[in-house]
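Each residue of the sequence shown is one higher than the last, beginning at 808 in the working numbering.
Even glycine gets a Cβ: it sits at the ideal position worked out from N, Cα and C.
All values derive from a computational prediction rather than experimental measurement.
Okay, so here's the structure we're looking at.
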Amino acid sequence: YRALPPTRTSQAIPRQQLCITVNVTDDPQYTGGASVHPVFLGPPDKTLMFAHHHDDWSESVERQYYVQTYTVPPNSKRSLRWMNVVDSELKLWRKLIREQHPILQHFHDYLKSKTSVPVRAGGGEQIYQETRNTCKSYASNVERFMLAAMRSRRRFGETVSVDDAIFSREIVEEFFKRLVDKNVQLSVRWSFSKAILSFYKFLEMNMGSAAGPTRTIVIGQAKELAAHLVDRAKQEKKRQNTYTGTDGRMQAEMEHYCVVRTVVDSKKIHERIKSIMRNFEREGSVQRQDYNFVIR
(Lines of atoms letter the chains of each structure in order from A and count residues from 1; the text may use other names and numbers.)
(Lines give C-alpha, C1' and ligand atoms only; values in the text may rest on other atoms or scores of the structure.)
Protein backbone atom coordinates (compact mmCIF):
# COMPACT_ATOMS: atom_id res chain seq x y z
CA TYR A 1 0.00 0.00 0.00
CA ARG A 2 1.27 3.46 -0.91
CA ALA A 3 0.14 6.62 0.81
CA LEU A 4 -1.44 9.26 -1.38
CA PRO A 5 0.85 12.14 -2.36
CA PRO A 6 0.06 15.53 -0.77
CA THR A 7 -1.43 16.85 -4.01
CA ARG A 8 -4.28 14.28 -3.67
CA THR A 9 -5.13 14.40 0.01
CA SER A 10 -8.02 16.87 0.07
CA GLN A 11 -11.11 16.01 2.07
CA ALA A 12 -13.54 14.07 -0.10
CA ILE A 13 -16.40 16.27 -1.28
CA PRO A 14 -19.77 14.60 -1.99
CA ARG A 15 -20.81 15.07 -5.59
CA GLN A 16 -23.99 16.92 -4.64
CA GLN A 17 -21.85 19.58 -2.93
CA LEU A 18 -19.56 20.02 -5.91
CA CYS A 19 -20.68 22.10 -8.90
CA ILE A 20 -18.74 21.31 -12.07
CA THR A 21 -20.49 23.86 -14.30
CA VAL A 22 -19.99 27.63 -14.35
CA ASN A 23 -23.59 28.42 -13.37
CA VAL A 24 -24.69 26.54 -10.26
CA THR A 25 -28.17 26.06 -11.73
CA ASP A 26 -26.79 24.15 -14.73
CA ASP A 27 -25.43 21.17 -12.79
CA PRO A 28 -28.39 18.83 -12.10
CA GLN A 29 -26.44 16.88 -9.47
CA TYR A 30 -25.43 19.93 -7.46
CA THR A 31 -27.67 20.77 -4.51
CA GLY A 32 -25.44 23.13 -2.56
CA GLY A 33 -26.89 26.37 -3.87
CA ALA A 34 -25.00 29.45 -2.68
CA SER A 35 -23.01 27.57 -0.03
CA VAL A 36 -19.29 26.95 -0.51
CA HIS A 37 -17.64 23.79 0.79
CA PRO A 38 -15.06 24.44 3.56
CA VAL A 39 -12.30 22.90 1.42
CA PHE A 40 -12.33 26.03 -0.74
CA LEU A 41 -12.60 28.52 2.12
CA GLY A 42 -9.33 27.49 3.73
CA PRO A 43 -5.91 28.54 2.39
CA PRO A 44 -4.41 26.40 -0.37
CA ASP A 45 -0.92 24.94 -0.02
CA LYS A 46 1.04 27.21 -2.35
CA THR A 47 4.14 25.04 -2.02
CA LEU A 48 2.35 22.34 -4.00
CA MET A 49 1.41 24.36 -7.09
CA PHE A 50 4.46 23.11 -8.98
CA ALA A 51 4.91 19.80 -7.13
CA HIS A 52 4.85 17.98 -10.48
CA HIS A 53 6.91 15.06 -9.17
CA HIS A 54 3.66 13.78 -7.62
CA ASP A 55 1.70 13.93 -10.90
CA ASP A 56 2.52 10.37 -11.94
CA TRP A 57 2.13 8.85 -8.51
CA SER A 58 0.61 5.66 -9.87
CA GLU A 59 0.51 4.03 -13.26
CA SER A 60 -2.90 2.63 -12.37
CA VAL A 61 -4.69 5.99 -12.24
CA GLU A 62 -8.18 5.80 -13.70
CA ARG A 63 -7.53 8.39 -16.38
CA GLN A 64 -4.81 10.54 -17.81
CA TYR A 65 -5.18 13.88 -16.07
CA TYR A 66 -2.80 16.14 -17.96
CA VAL A 67 -1.02 16.49 -21.28
CA GLN A 68 2.09 18.29 -22.41
CA THR A 69 1.58 19.41 -25.98
CA TYR A 70 4.67 21.58 -26.19
CA THR A 71 8.22 20.26 -26.12
CA VAL A 72 11.19 22.54 -25.57
CA PRO A 73 13.63 22.26 -28.51
CA PRO A 74 16.79 20.41 -27.37
CA ASN A 75 19.10 22.94 -29.05
CA SER A 76 17.37 26.13 -27.99
CA LYS A 77 19.03 29.47 -28.51
CA ARG A 78 20.52 31.07 -25.43
CA SER A 79 17.56 33.47 -25.22
CA LEU A 80 15.22 30.47 -24.88
CA ARG A 81 17.22 28.44 -22.37
CA TRP A 82 14.91 29.64 -19.60
CA MET A 83 12.32 27.35 -21.16
CA ASN A 84 14.41 24.30 -20.33
CA VAL A 85 14.74 25.45 -16.72
CA VAL A 86 11.00 26.09 -16.45
CA ASP A 87 10.21 22.75 -18.05
CA SER A 88 12.55 20.91 -15.71
CA GLU A 89 11.68 22.67 -12.46
CA LEU A 90 8.05 23.75 -12.90
CA LYS A 91 6.68 21.62 -15.75
CA LEU A 92 4.84 24.77 -16.79
CA TRP A 93 3.87 23.30 -20.16
CA ARG A 94 1.71 20.59 -18.60
CA LYS A 95 -2.00 21.35 -18.72
CA LEU A 96 -5.33 19.83 -17.82
CA ILE A 97 -7.28 18.00 -20.51
CA ARG A 98 -10.16 20.39 -21.13
CA GLU A 99 -12.57 17.73 -22.40
CA GLN A 100 -12.62 16.26 -18.87
CA HIS A 101 -13.65 19.56 -17.27
CA PRO A 102 -16.94 21.19 -18.37
CA ILE A 103 -15.87 24.62 -17.08
CA LEU A 104 -12.66 24.60 -19.11
CA GLN A 105 -14.51 23.36 -22.19
CA HIS A 106 -17.11 26.11 -21.77
CA PHE A 107 -14.35 28.73 -21.45
CA HIS A 108 -12.66 27.43 -24.60
CA ASP A 109 -15.94 27.58 -26.53
CA TYR A 110 -16.58 31.09 -25.21
CA LEU A 111 -13.15 32.26 -26.40
CA LYS A 112 -13.65 30.65 -29.77
CA SER A 113 -16.94 32.47 -30.26
CA LYS A 114 -15.27 35.76 -29.35
CA THR A 115 -12.29 35.33 -31.68
CA SER A 116 -13.96 33.96 -34.79
CA VAL A 117 -15.52 35.78 -37.75
CA PRO A 118 -17.68 34.41 -40.58
CA VAL A 119 -15.97 34.20 -43.97
CA ARG A 120 -17.08 32.89 -47.33
CA ALA A 121 -15.46 29.75 -48.65
CA GLY A 122 -14.86 29.15 -52.34
CA GLY A 123 -18.24 27.52 -52.87
CA GLY A 124 -20.09 30.34 -51.18
CA GLU A 125 -20.85 28.49 -47.94
CA GLN A 126 -20.17 30.29 -44.68
CA ILE A 127 -17.40 28.94 -42.45
CA TYR A 128 -15.76 30.31 -39.31
CA GLN A 129 -12.10 31.19 -39.11
CA GLU A 130 -10.18 32.30 -36.04
CA THR A 131 -8.78 35.78 -36.47
CA ARG A 132 -5.86 35.20 -34.09
CA ASN A 133 -4.37 32.67 -31.70
CA THR A 134 -6.12 34.16 -28.67
CA CYS A 135 -8.45 31.21 -28.22
CA LYS A 136 -5.67 28.65 -28.25
CA SER A 137 -3.16 30.52 -26.09
CA TYR A 138 -5.62 31.80 -23.48
CA ALA A 139 -7.35 28.44 -23.09
CA SER A 140 -4.02 26.59 -22.81
CA ASN A 141 -2.62 29.03 -20.26
CA VAL A 142 -5.72 28.74 -18.09
CA GLU A 143 -5.49 24.94 -18.29
CA ARG A 144 -1.85 25.18 -17.14
CA PHE A 145 -2.75 27.56 -14.33
CA MET A 146 -5.66 25.41 -13.15
CA LEU A 147 -3.39 22.37 -12.98
CA ALA A 148 -1.28 24.31 -10.48
CA ALA A 149 -4.44 25.33 -8.62
CA MET A 150 -5.67 21.73 -8.35
CA ARG A 151 -2.32 20.66 -6.90
CA SER A 152 -2.49 23.51 -4.36
CA ARG A 153 -5.99 22.49 -3.25
CA ARG A 154 -4.73 18.90 -2.97
CA ARG A 155 -7.42 17.94 -5.51
CA PHE A 156 -5.15 16.68 -8.28
CA GLY A 157 -7.06 14.09 -10.30
CA GLU A 158 -10.50 15.59 -9.62
CA THR A 159 -12.82 17.42 -12.02
CA VAL A 160 -12.42 21.20 -11.84
CA SER A 161 -15.39 22.72 -10.02
CA VAL A 162 -16.62 26.30 -10.13
CA ASP A 163 -15.09 26.80 -6.69
CA ASP A 164 -11.71 25.43 -7.79
CA ALA A 165 -11.82 28.11 -10.48
CA ILE A 166 -13.11 31.01 -8.35
CA PHE A 167 -10.91 30.36 -5.32
CA SER A 168 -7.81 29.88 -7.47
CA ARG A 169 -7.41 33.59 -6.73
CA GLU A 170 -5.54 32.49 -3.60
CA ILE A 171 -2.55 31.25 -5.62
CA VAL A 172 -2.40 33.82 -8.45
CA GLU A 173 0.17 36.16 -6.94
CA GLU A 174 2.49 33.37 -5.81
CA PHE A 175 2.12 31.71 -9.22
CA PHE A 176 3.44 34.80 -10.99
CA LYS A 177 6.17 35.31 -8.40
CA ARG A 178 7.49 31.85 -9.23
CA LEU A 179 7.44 32.65 -12.95
CA VAL A 180 9.48 35.79 -12.32
CA ASP A 181 11.93 33.89 -10.09
CA LYS A 182 12.52 31.40 -12.90
CA ASN A 183 13.10 34.18 -15.47
CA VAL A 184 10.06 33.33 -17.56
CA GLN A 185 9.95 35.81 -20.44
CA LEU A 186 7.74 38.85 -20.03
CA SER A 187 5.70 37.99 -23.13
CA VAL A 188 4.77 34.63 -21.59
CA ARG A 189 3.91 36.13 -18.19
CA TRP A 190 1.83 38.82 -19.87
CA SER A 191 -0.04 36.18 -21.87
CA PHE A 192 -0.75 34.23 -18.67
CA SER A 193 -2.04 37.33 -16.87
CA LYS A 194 -4.37 38.28 -19.73
CA ALA A 195 -5.64 34.70 -20.01
CA ILE A 196 -6.41 34.48 -16.29
CA LEU A 197 -8.13 37.88 -16.32
CA SER A 198 -10.25 36.70 -19.25
CA PHE A 199 -11.09 33.52 -17.32
CA TYR A 200 -12.21 35.42 -14.22
CA LYS A 201 -14.34 37.77 -16.33
CA PHE A 202 -15.91 34.71 -17.96
CA LEU A 203 -16.70 33.20 -14.55
CA GLU A 204 -18.19 36.43 -13.22
CA MET A 205 -20.34 36.87 -16.31
CA ASN A 206 -21.69 33.31 -16.34
CA MET A 207 -21.96 32.07 -12.76
CA GLY A 208 -25.37 33.67 -12.17
CA SER A 209 -27.03 35.26 -9.16
CA ALA A 210 -27.63 31.89 -7.51
CA ALA A 211 -23.88 31.59 -6.90
CA GLY A 212 -24.32 33.64 -3.75
CA PRO A 213 -22.46 36.56 -2.13
CA THR A 214 -19.26 34.72 -1.17
CA ARG A 215 -18.49 33.64 -4.72
CA THR A 216 -19.48 37.06 -6.07
CA ILE A 217 -17.11 38.89 -3.73
CA VAL A 218 -14.18 36.54 -4.34
CA ILE A 219 -14.47 36.56 -8.13
CA GLY A 220 -14.55 40.36 -8.05
CA GLN A 221 -11.34 40.37 -6.01
CA ALA A 222 -9.80 37.81 -8.36
CA LYS A 223 -10.61 39.94 -11.38
CA GLU A 224 -9.05 43.03 -9.76
CA LEU A 225 -5.88 41.12 -8.92
CA ALA A 226 -5.56 39.71 -12.44
CA ALA A 227 -6.14 43.17 -13.92
CA HIS A 228 -3.35 44.51 -11.70
CA LEU A 229 -1.00 41.79 -12.98
CA VAL A 230 -1.88 42.65 -16.59
CA ASP A 231 -1.18 46.32 -15.93
CA ARG A 232 2.09 45.52 -14.18
CA ALA A 233 3.25 43.45 -17.16
CA LYS A 234 2.22 46.26 -19.49
CA GLN A 235 4.31 48.78 -17.55
CA GLU A 236 7.26 46.40 -17.53
CA LYS A 237 6.95 46.09 -21.31
CA LYS A 238 6.99 49.89 -21.64
CA ARG A 239 10.17 50.09 -19.57
CA GLN A 240 11.82 47.45 -21.73
CA ASN A 241 10.84 49.28 -24.91
CA THR A 242 12.18 52.55 -23.51
CA TYR A 243 15.48 50.95 -22.59
CA THR A 244 16.02 49.07 -25.83
CA GLY A 245 14.44 51.59 -28.18
CA THR A 246 15.62 54.91 -26.78
CA ASP A 247 18.48 54.39 -24.37
CA GLY A 248 20.20 51.94 -26.69
CA ARG A 249 20.15 54.40 -29.58
CA MET A 250 21.30 57.27 -27.39
CA GLN A 251 24.13 55.17 -26.01
CA ALA A 252 25.36 54.37 -29.52
CA GLU A 253 25.20 58.04 -30.48
CA MET A 254 27.05 59.07 -27.32
CA GLU A 255 29.80 56.53 -27.95
CA HIS A 256 30.24 57.87 -31.48
CA TYR A 257 30.36 61.45 -30.17
CA CYS A 258 32.99 60.56 -27.54
CA VAL A 259 35.25 58.95 -30.12
CA VAL A 260 35.03 61.94 -32.47
CA ARG A 261 35.53 64.42 -29.62
CA THR A 262 38.59 62.55 -28.39
CA VAL A 263 40.19 62.68 -31.84
CA VAL A 264 39.46 66.41 -32.22
CA ASP A 265 40.72 67.29 -28.73
CA SER A 266 43.88 65.24 -29.25
CA LYS A 267 44.71 67.23 -32.39
CA LYS A 268 44.11 70.55 -30.60
CA ILE A 269 46.35 69.56 -27.70
CA HIS A 270 49.12 68.45 -30.04
CA GLU A 271 48.99 71.75 -31.97
CA ARG A 272 49.06 73.80 -28.74
CA ILE A 273 52.13 71.99 -27.44
CA LYS A 274 53.96 72.50 -30.74
CA SER A 275 53.18 76.24 -30.58
CA ILE A 276 54.49 76.50 -27.01
CA MET A 277 57.72 74.71 -27.94
CA ARG A 278 58.32 77.02 -30.89
CA ASN A 279 57.92 80.10 -28.66
CA PHE A 280 60.30 78.61 -26.08
CA GLU A 281 62.98 77.90 -28.71
CA ARG A 282 62.63 81.44 -30.08
CA GLU A 283 62.47 83.41 -26.80
CA GLY A 284 64.23 81.08 -24.33
CA SER A 285 61.37 81.37 -21.82
CA VAL A 286 57.83 80.15 -21.33
CA GLN A 287 54.81 81.81 -19.78
CA ARG A 288 53.35 80.26 -16.59
CA GLN A 289 50.00 79.59 -18.32
CA ASP A 290 51.74 77.64 -21.11
CA TYR A 291 53.91 75.83 -18.56
CA ASN A 292 50.85 74.68 -16.60
CA PHE A 293 49.15 73.50 -19.81
CA VAL A 294 52.14 71.30 -20.73
CA ILE A 295 52.44 69.89 -17.20
CA ARG A 296 48.73 68.95 -17.09
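Where residue i and residue j are concerned, what is the direct C-alpha to C-alpha distance, given to the nearest angstrom?
i	j	result
H860	F963	12 Å
F952	P850	17 Å
T816	F847	14 Å
L897	A1002	19 Å
D1038	G839	36 Å
S820	L899	Reading off the sequence, residue 820 comes out as Ile, not Ser. Using only the alpha carbons, I get a separation of about 28 Å.
T814	A1017	30 Å
Y837	D916	23 Å
G1015	S920	20 Å
V893	H1035	24 Å
E1146	C942	Nothing can be reported for residue 1146: it is not among the residues displayed for the chain, which extend from 808 to 1103.
T878	L903	16 Å
S1082	S1092	13 Å
R870	A858	19 Å
K843	R1046	The sequence as given places Val at residue 843; Lys does not occur at that position. The alpha-carbon atoms of V843 and R1046 are separated by roughly 42 Å.
Can you tell me whether residue i is buried or exposed, with buried defined as 16 or more other CB within 10 angstroms of its CB?
i	result
K984	exposed
N948	buried
E977	buried
D970	buried
M890	buried
P835	exposed
M957	buried
L972	The sequence given here has Ala at residue 972, not Leu. By the neighbour-count rule (16 or more Cβ atoms within 10 Å), A972 is buried.
Which residues bound the alpha helix (DSSP H) around residue i?
i	result
Y945	T941 to S959
R888	R888 to E896
Y837	From DSSP, Y837 is part of no alpha helix (DSSP H); its letter is neither H nor E.
P909	P909 to K921
L848	P845 to L848
In the DSSP output, what is residue i paired with across the bridge?
i	result
Q875	R901
Tell me, please, whether the CB atom of residue i is closer than 8 Å to any CB atom in chain D?
i	result
R1089	The question asks about chain D, but that chain is absent: this structure has only one protein chain.
Ignoring anything shorter than 3 residues or poking outside the stretch 964–1029, list the beta strand (DSSP E) runs there in chain order. You should have found no qualifying run.
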